[in-house]
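For reference, the structure discussed in these notes is given below.
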Amino acid sequence: MYNHIEKPAPQRPMDTYTVSTPYGTVIITDGGRRVAFELYSDIRQSRHNQALFTYIQQLQKQGVTQFNCDHIAIAGADRRLSLSRGKAKLDLVYVRNGSTYECELKTSREVNN
């Protein structure tokens, strides 16, 4: 009736899974214990986002655990901290030693223009 190929079900889980997304490829190996994400060559992080990510990493090394940021998704962000200030939206808000700090990050390119 229909021409189709039947394949037997695998006896054990696959060693590698590959999933394509609009931004890159996710590769899952080692029974799901290892996950890698490879961006396509035409996808790049902006200097601003890279600088913001690095700044947050430094804050975390200094013990800051309560922060919220715009533009990037980062584990541990506290979305309850508001980034809105009037009509503007800040890049980063964090709490250190009971004081709240508000940041608008500018790269050298943004400052020079």
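Just so we're aligned, residue 1135 is where the sequence shown starts under the numbering used here, counting upward by one.
Yeah, the Cβ is synthetic: ideal placement off N, Cα and C, and Gly gets one too.
If you follow the alpha helix (DSSP H) that residue i is part of, which residue opens it and which one closes it?
i, result
"N1183", "R1181 to K1195"
"E1236", "Unbroken run through E1236 is the beta strand (DSSP E), S1233 to C1237; no alpha helix (DSSP H)."
"R1243", "S1242 to N1246"
Just to confirm, are residue i and residue j a CB contact at a threshold of 7 Å?
i, j, result
"T1163", "T1150", "yes"
"I1249", "A1170", "This structure cannot speak to residue 1249, because the chain is shown only from 1135 to 1247."
"T1241", "H1205", "no"
"L1193", "Y1228", "yes"
"L1217", "K1223", "yes"
"D1212", "Q1200", "yes"
Helix, strand or coil, according to DSSP, for residue i in the structure here?
i, result
"S1216", "coil"
"G1166", "helix"
"I1161", "strand"
From which residue to which residue does the beta strand (DSSP E) around residue i run?
i, result
"S1154", "Y1151 to S1154"
"L1226", "L1226 to R1230"
What do you get for residue i, buried or exposed, if any count of 16 or more other CB atoms within 10 angstroms of its CB means buried?
i, result
"Y1157", "exposed"
"N1246", "exposed"
"D1225", "buried"
"N1202", "buried"
Which residues does DSSP pair with residue i in a beta bridge?
i, result
"A1223", "A quick correction: the sequence has Lys, not Ala, at residue 1223. Paired residue(s): S1218."
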